[in-house]
Amino acid sequence: MLSSDNVNLRIVAGETIALLFELARDMEEGFFYDETDLLCTKLKALATDSNKYRAKTDRRKQRSIFRDVLHYIENGECHEETIKFGLECMYVDSWARRRTYNAFKEALGSGVRHHLQNNELLREIFELGPPLVLDAAAIKASKISRFEKVCQ
66 MLSSDNVNLR
76 IVAGETIALL
86 FELARDMEEG
96 FFYDETDLLC
106 TKLKALATDS
116 NKYRAKTDRR
126 KQRSIFRDVL
136 HYIENGECHE
146 ETIKFGLECM
156 YVDSWARRRT
166 YNAFKEALGS
176 GVRHHLQNNE
186 LLREIFELGP
196 PLVLDAAAIK
206 ASKISRFEKV
216 CQ
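Per my numbering, the sequence shown runs over residues 66 to 217.
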């Protein structure tokens, strides 16, 4: 799958490898994969792919994902992503959490942030606690004016 012509298939395969390594390390602290060197060589090639026949955005996305996958396989550290919604933020700090968030993002599209704020099931899945209840004055006070944004 890592050698597929389809960039999305290669990316999903790379993310799945990272997820499997994460789950294996969670289950067995001293987890070791015999062919890690061979796998890392393949991941490095995908992380530095510069084939001109691939679309520029596809190459950029592939390189970014495979750099993260390679870093995780070699060091056991997952790239942390911060998702801001309303007055709250959520940290995506594992491959399992990233895959879960991406699945909801694909299904909900631009409404994912709204659902993170208000949907109790989603808040439970991501361990965000109950939805915040804010009055109009608190919402207005939390918004930054255009002038303040420019000055930052």
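C-beta: ideal position from N, C-alpha, C; glycine also.
Asked	Found
Report the option in 185, 111, 175, 194 whose CA atom is closest to the CA atom of residue 73.	111
Cα separation between residue 145 and residue 80?	14 Å
In angstroms with no decimal places, state the Cα-to-Cα distance between residue 139 and residue 90.	12 Å
Would you tell me roughly how many angstroms separate the C-alpha atoms of residue 113 and residue 132, rounded to the nearest one?	8 Å
From the DSSP output, in three-state form, read off residue 198 for me.	coil
Apart from the five residues just before and just after residue 96, which ones in its own chain have a Cβ nearer than 7 Å to its Cβ?	89, 90
Go ahead and pull the three-state DSSP assignment for residue 92.	helix
Pick out the complete alpha helix (DSSP H) segments inside the region 107–152, 4 residues or longer, and give them in chain order.	121–140
Residue 87 and residue 161: beta carbons closer than 8 Å?	yes
Pick helix, strand or coil for residue 98, following the three-state DSSP scheme.	coil
Express the C-alpha separation of residue 147 and residue 83 in angstroms, rounding to a whole number.	19 Å
Looking at the ligand FMN, does it come within less than 7 Å of residue 180, judged from the CB to the closest heavy atom?	As presented, the structure is devoid of all ligands, the ligand FMN included, so that no description of it is given.
Does the distance from the CB of residue 75 to the CB of residue 85 come in under 8 Å?	no
Are at least three pairs of beta-carbons, each pair with one atom in the region 116–127 and one in the region 186–196, less than 8 Å apart?	no
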